[in-house]
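Here is the structure we will look at.
Protein chains in written order, with our numbering: chain A, 15 to 280; chain B, 6 to 305; chain C, 23 to 395; chain D, 2 to 409.
Set out below in structure tokens:
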């Protein structure tokens, strides 16, 4: 277990209401440098809503979302637009894949570089030395990432033509292109076969270890979660019901109860 | 004060017509999230067919009331047929296409139908027989409201109530609401979604045709182009009220009708359309989902 | 390759020398007729085209002008300036001698520069915008209809003096023509100082109804309405005024004075006043032309038929008198020699307006426009 | 096959019923006469029958194609001839050369009329290319694009009539004014989704026209602005013929300039962000793209071209009035973009030339022009949503070698 040095993401008492419905109820969660943290729970527990609140797609009703980027000052990011959240250094993937279908695989990753490059309309027209350098850096970096997620050979394909598992990996590559310190993965293994899942398992660990990116993931595949997570949070009906290491969670009676119906397919 | 009443009345009459057309827009949008841009043309075609039928019947010696009934009936039947065909040709093949495609197809259909009527009939204005008998009210009511205006208000109200009842209590109404909620789910539980969509177009077209006939006999003239502006305004009304929401469409239409009428009355009718669109932009900025629309959180 | 290009170039140069030359060598006189022949304003352009074709057919049957046959080249400008310039260059490159047109003032302004450059005379049957002649910017422009300011003055005088109105509402359709007429009416009424203008307002053509404006007219207690615009809006206004029990005089310009208005407004048209070109139906030329038209087309001729016919007659007469299609000669002939036309015996003044044409006031009586003496 | 026939027969019957009152009956309420045009019924029947057969055939073909695409066949190996023309130097170089010569020689070969309408067509090429950015690339449907065109034209008209400012000074000002209006109108509607956007932009288009009509002190209202000078050439005095030829070459340069710039932008950080915004707004923003900035950029950039070419339009006509800036023009430019294939530059150029020149050459059919536009828009969406010539995606040259270096 890697040594916990400092917190990257610190969520305190996050609450999200939709009209009368409380989708997330005072949930607190931390992610520290070098960690892989999983957020699990039955369907409809509010996990994705939690993600959406953290990444700025929804504005949380109450609570604090604090980020402590490495080597930069901390910020409270409640209500930030999601592009700002990404620029700060937290990138995400989506549960139901949201790729840019009619763009090539490479271009999808290049979009990730958008917030790390600065070319303006004028710059794009003039194509000065700086623009060209950035452009080349973007291309190289993107090929590089594609290679890491093993999609290099698909670079010029349209994203919509990729097999399912490859689309999930492309989402990860695209998120990584934004140079995040924390990657939020929303059910990355959904719909994958066992081999693909195993490869994903390795990929996630590799990302953490070689790229030094911490990971927060939502996942239903218990095997994957138990294999790679350092810590696990469990949600049910919008509330946090347990947290701890994989072993603790496995033996936590509350969690077993919450999952009883679903255990069969896990 | 009297002036205010007069303006309110013209606003409400105009609003009722907008409402009849706006309902068609809103129903279609509610179910397949498509702006049926050609909806205004159905209104125009309804008016034209009523004019033609009335003309032919007059020549063959029919009398007042029977003309009104027959012309109205045939116009609505034809409008329904056009609405049905329109959906089958221009929208059904695009059910799974990107969002922009059916919209452009709809604009194309609108241009096509306008020019079809222009070429098949005439580019000129035609005189529309006043099918609604003009029985006189007494002053001071007479100059505020005439019989045609009253008929428009009453017909619109009846049509709207009928529509609400239909959607709330009948089988097809339930199927429509189910489809509106979730098309895939509705299909799974055995709703024939294609039929529901067709019915929606037919219903909307019938309402539009009623509007066309009413306006025709109220104003006394029609040409191939009347559907375009009416359609745009009605759509504006639907958006104002919260598109997809039936009471919203009626409310939006009334707000728009009144806004135009007051703008014309108190400021200048030269800027009438500027006000109409200005109100739209303002409301969309303040309440992007319209007056009665629910803020729909897009599922991520 | 290089040789080929040179050859081609020579060919082009030769061709370009031949093409204009053929224009002169031909034994036909080409007359362009430009106006809206399609679209929503077609009703104002097609009668002129038909008139020009009829005159040409007659002249050709009688041996042509100066022994040459007359060929009419009709061109559709849809009343849009950009299309009008296309049409103008097309006519110039076809080598026409005179252009009858254009019909709309805006399109005319766009096209005139091109004709002026090519030294071609344009005679419009209907472009009533005053600056076309009065500004002096368009020396090659003539018209067989009187300018709008005459019409505005007539309407203003009629409303204040004959009808004795004190509070006048002026409504216009915001268009070039309608607004122009409304502006001149306003100007003359204000200058005369006999009446007050209580409302001066534009309406949107194609709006669903005008009941708010009608209420406004009532609210302002106007005792007469002057309307600048075309017949569809006029009939809508008149209809709604009747529905709202408003019985005040309604005066429109020549865009209202036509069968279109009578047809659409129906019963509501009764009693409406409109200014229009002076009644010329008594002239023998006019009677003949109308009879010819009716026997050919089986209906009454449309708007600006008389003016279009007259423009064509004037053009051909000028060619005959000057003995050619030379610009200076034509100019002299148009300005000096009288010609019998469907709008009377006319010649053109120094600015290009026809002398001897004018407006009078009509009223709808028993479903017909009757000239008021 | 007989089933086909039977169904088409039924369709024909249906259309005979549908079109009967409008196509066959023509009633004159004044004279109380009815004209029965039975021949029309026959034409409708035959037409509907044939079209229905074609329609079924085409739909089936489309489905077949979709299936093939789904079964994983590589699309890029089956580029259409049109696309191959674009990517294979062996094919496109000679074509380009011929085109170049033809373009240069055009005013020498044809008369002033041809040159003049060509200028108009080229104006619409630039408009198409500009709207292509907003609609095709960024996916923001704009039904009031003509407003920016009007802004450009009136900028020149007003600057010239009030202060006598010349063409060359007005040209960039017109473009900038267009862009400025693009931003100003873009601001309030940033948050609106596609359909709302459509209606609001339509509203803006008509508001622009109403303002021009009513703001008489400045725009001269419906009377329009006359006597706008043609583009000058170092103060040289030119006849109409040479001025037209000169404007033609100017427009050619303009088109090349537009293509050059839009192409550069398309293959840039900005262009990619536009496309991503079109594909999926939420994901795009979640990847760190600033939605407001990007959208406004797309509006402003699209509007810039309309403003720029509006100046040339005013100079070419020497006269402008509000009639040239109606919804029909917006619809025309939109059909150019749709027909050309959204995002495709060559497609847009061809579509603009066809749609503008066709009615000039086929004047007899000009009445059918709008009818055909409508039909084309519907048919293109159903059968060829990618347009005449689909956009070819650029392949980026990244160095695998280099990336490995970075890895090492």
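Glycine included, C-beta positions come from ideal geometry on N, C-alpha and C. Fair warning: this is a prediction, and the values are worked out from it, not measured in the lab.
Check your understanding: Are the C-beta of residue 137 of chain D and some C-beta of chain A separated by less than 8 Å?
Key -> no
Check your understanding: How about residue 293 of chain B: is its C-beta nearer than 8 Å to some C-beta of chain C?
Key -> no
Review point. Which whole runs of the beta strand (DSSP E) in the stretch 235-318 of chain C are 3 residues long or more, in chain order?
Key: 246-250, 272-274, 295-299
Review point. Based on the DSSP secondary-structure assignment, which residues constitute the bridge partners of residue 96 of chain C?
Key: C/55
Point to revise | Interface flag, residue 15 of chain B vs chain C, CB-CB below 8 Å | key: yes
Check your understanding: Name the chain B residues whose beta carbon is nearer than 8 Å to that of residue 310 of chain C?
Key -> Residues of chain B passing the Cβ test: none, with the nearest at roughly 27 Å.
Review point. Can you name the residues of chain B whose CB is closer than 8 Å to the CB of residue 376 of chain D?
Key: 113, 117
Check your understanding: With 8 Å set as the bound, which would you pick, yes or no: does the beta-carbon of residue 64 of chain B sit closer than that to a beta-carbon of chain D?
Key -> yes
Check your understanding: Count the other CB atoms within 10 Å of the CB of residue 1 of chain D; is the residue buried (16 or more) or exposed (fewer)?
Key -> Beyond the ends of chain D as shown, which are 2 and 409, falls residue 1 of chain D; an answer cannot be given.
Exercise for review: Apply the 10 Å Cβ neighbour rule to residue 266 of chain C and answer buried if 16 or more other Cβ atoms are within range, or exposed otherwise.
Suggested key: buried
Exercise for review: Measure the alpha-carbon distance for residue 163 of chain C versus residue 376 of chain C and round it to whole angstroms.
Suggested key: 11 Å
Review point. With 8 Å set as the bound, which would you pick, yes or no: does the beta-carbon of residue 290 of chain B sit closer than that to a beta-carbon of chain D?
Key: Yes, because at least one Cβ of chain D sits closer than 8 Å to the Cβ of residue 290 of chain B.
Check your understanding: Looking at C-beta atoms only, is the number of pairs between the stretch 304-323 of chain C and the stretch 206-213 of chain C that lie closer than 8 Å three or more?
Key -> no
Exercise for review: Report back the beta-carbon spacing between residue 396 of chain C and residue 74 of chain C to the nearest angstrom; my notes put them in contact at under 8 Å.
Suggested key: One cannot answer for residue 396 of chain C here, as it falls past the ends of chain C, which runs 23 to 395.
Review point. What is the DSSP secondary structure of residue 18 of chain C, reduced to helix, strand or coil?
Key: Beyond the ends of chain C as shown, which are 23 and 395, falls residue 18 of chain C; an answer cannot be given.
Practice item. For residue 167 of chain C, decide whether its Cβ has a neighbour in chain B, counting only Cβ atoms nearer than 8 Å. Key: no
Check your understanding: In chain C, which residues lie less than 8 Å from residue 6 of chain B when you measure between Cβ atoms?
Key -> Simply none; closest approach about 12 Å.
Check your understanding: Using a C-beta to C-beta distance shorter than 9 Å, which residues of chain D count as neighbours of residue 344 of chain C?
Key -> Those within 9 Å of residue 344 of chain C in chain D number zero; the least Cβ separation is about 24 Å.
Check your understanding: Is there a Cβ from chain A that is less than 8 Å from the Cβ of residue 140 of chain D?
Key -> no
Review point. Is residue 354 of chain D near the ligand MG, in the sense that its beta carbon is under 7 Å from a heavy atom of that ligand?
Key: Looking at this structure, you won't find the ligand MG or any other ligand, since it has none at all.
Check your understanding: Looking at residue 118 of chain D and residue 358 of chain D, is the spacing between their C-beta atoms short of 8 Å?
Key -> yes
Practice item. Report the residue from B/193, B/45, B/296, B/43 whose alpha carbon sits nearest the alpha carbon of residue 251 of chain B. Key: For residue 251 of chain B, the nearest C-alpha among the options comes from B/296.
Review point. Could you give the distance in angstroms between the alpha-carbon of residue 57 of chain C and the alpha-carbon of residue 10 of chain B?
Key: 46 Å
Review point. Between the stretch 341-349 of chain D and the stretch 192-204 of chain D, do three or more beta carbon pairs fall short of 8 Å?
Key: no
Exercise for review: Check the Cβ-Cβ distances between residue 230 of chain C and every residue of chain B, and say whether any is below 8 Å.
Suggested key: yes
Check your understanding: Taking Cβ-Cβ distances below 7 Å as the criterion, which residues of the stretch 76-103 of chain B are in contact with chain D?
Key -> 83, 86, 87, 90, 95, 98, 99, 102
**Study point:** Closest by C-alpha distance to residue 37 of chain A, when choosing among A/54, A/21, A/64, A/83
**Key:** A/64
Exercise for review: Mind the definition here: the stretch 276-292 of chain D touches the stretch 104-121 of chain D only if three or more C-beta pairs lie below 8 Å; say whether that holds.
Suggested key: Judged by Cβ distances under 8 Å, the stretch 276-292 of chain D makes no contact with the stretch 104-121 of chain D, as fewer than three pairs qualify.
Check your understanding: Straight-line CA distance for residue 77 of chain D to residue 11 of chain D?
Key -> Because the pLDDT at residue 77 of chain D is just 46, under 50, the model does not fix this residue reliably, and the point stays unresolved.
Exercise for review: Identify, in the order they occur along the chain, each residue of the same chain with its Cβ nearer than 6 Å to the Cβ of residue 106 of chain B, setting aside the five sequence neighbours on each side.
Suggested key: 99
Check your understanding: For residue 224 of chain D, is the classification buried or exposed, using 16 other Cβ atoms within 10 angstroms of its Cβ as the cut-off for buried?
Key -> buried
Practice item. Drop a sphere of 10 angstroms on the beta-carbon of residue 47 of chain C, count the other beta-carbons inside from all chains shown, and report buried for 16 or more, exposed for fewer. Key: Unreliable positioning characterises residue 47 of chain C in this predicted model, as indicated by a pLDDT of 42, which lies under 50. The coordinate reading is nonetheless provided below. It is exposed - the Cβ of residue 47 of chain C has fewer than 16 other Cβ atoms within 10 Å.
Exercise for review: Take residue 12 of chain B and list the residues in its own chain whose beta-carbon comes closer than 7 Å to its own, dropping the five residues that flank it on each side.
Suggested key: 266, 267, 270
Check your understanding: Should residue 334 of chain C be labelled buried (16 or more other beta-carbon atoms within 10 Å of its own) or exposed?
Key -> buried
Check your understanding: Taking Cβ-Cβ distances below 8 Å as the criterion, which residues of the stretch 194-208 of chain D are in contact with chain B?
Key -> 195, 196, 197, 199, 200, 201, 203, 204, 205, 207, 208
**Study point:** Residues of the stretch 210-238 of chain C whose Cβ lies closer than 7 Å to any Cβ of chain B, in chain order
**Key:** 223, 224, 225, 226, 228, 229, 230, 231, 233, 234, 235, 237, 238
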